[in-house]
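In the numbering used here, the protein residues as written are 509 to 648.
Heads up, the beta-carbon is just placed ideally off N, CA and C, and yes, glycines get one too.
Computed from a predicted structure; not experimentally measured.
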Amino acid sequence: MKINWENIHLPNNFKGIVLGMEEDFKRPSNILSISKDFFVPDLMVASDVVLGKLGYGTCSEAIFSEKPLVFVPRSHFNEQEGLEKLMNNNCNSIKLEEKKFLEGNWIEEILQALNRTRNKPVLGVNGGEVAAKAILDLCY
509 MKINWENIHL PNNFKGIVLG MEEDFKRPSN ILSISKDFFV PDLMVASDVV
559 LGKLGYGTCS EAIFSEKPLV FVPRSHFNEQ EGLEKLMNNN CNSIKLEEKK
609 FLEGNWIEEI LQALNRTRNK PVLGVNGGEV AAKAILDLCY
């Protein structure tokens, strides 16, 4: 089953941005398409909420940008359980069941993610500093 983009439901006054959707796709006027080459971290920082699959890049960027994540489970993905736990501890994350995702019924989960009290990340977002200190400690 594929998403019927014409049936996507977003909260009032929301715009959705999809990376890499072909321009001639029929979609509601509040769904925009941008090049899949767009720098995703910049897009996340500029967003109110992120909707996507759990993956290492998505999770790390959502934590770093402190954005709520509405995620669709990935069947047969071994890291699903660990990433879901990571996101529950470090980010406002809401699971959107695959059936609802494919139907385009996203409003409830998007609003839940936006209205929850934001968790501050348990993980630090200073990986560069941690790595530099570890290297210096090895040298001295």
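Coil, strand or helix - residue i by DSSP
| i | result |
| --- | --- |
| K593 | helix |
| G565 | helix |
| I643 | helix |
| N623 | helix |
| N598 | helix |
| F533 | coil |
| L604 | coil |
| L551 | helix |
| S541 | strand |
| I615 | helix |
| V558 | strand |
| L518 | coil |
| G636 | helix |
| F579 | strand |
Nearest-angstrom beta carbon gap, residue j and residue i [assumed within contact, 8 angstroms]
| i | j | result |
| --- | --- | --- |
| L527 | W614 | Going by Cβ atoms, the distance from L527 to W614 rounds to 16 angstroms, so no, they are not a contact pair. |
| P576 | N600 | 4 angstroms |
| V553 | A621 | Actually they are not in contact, since the Cβ atoms of V553 and A621 sit about 16 angstroms apart, beyond 8 angstroms. |
| L562 | L591 | 4 angstroms |
Counted within 10 angstroms of its Cβ, other Cβ atoms place residue i as buried (16 or more) or exposed
| i | result |
| --- | --- |
| E617 | buried |
| I516 | buried |
| R624 | exposed |
| L594 | buried |
| N521 | exposed |
| N598 | buried |
CB contact flag (residue i, residue j, <7 angstroms)
| i | j | result |
| --- | --- | --- |
| L610 | I525 | no |
| V578 | L551 | no |
| K544 | E514 | no |
Handout entry: Touch test, the segment 582-595 against the segment 637-645, Cβ-Cβ under 8 angstroms, three pairs minimum
Key = When C-beta atoms of the segment 582-595 are compared with those of the segment 637-645, fewer than three pairs fall below 8 angstroms, so the two segments do not count as touching.
Exercise for the section: Please determine if the segment 561-569 and the segment 531-540 are in contact, where contact requires at least 3 C-beta pairs separated by less than 8 angstroms. Expected result: Using a C-beta cut-off of 8 angstroms, the segment 561-569 makes no contact with the segment 531-540, since fewer than three inter-stretch Cβ pairs fall below that distance.
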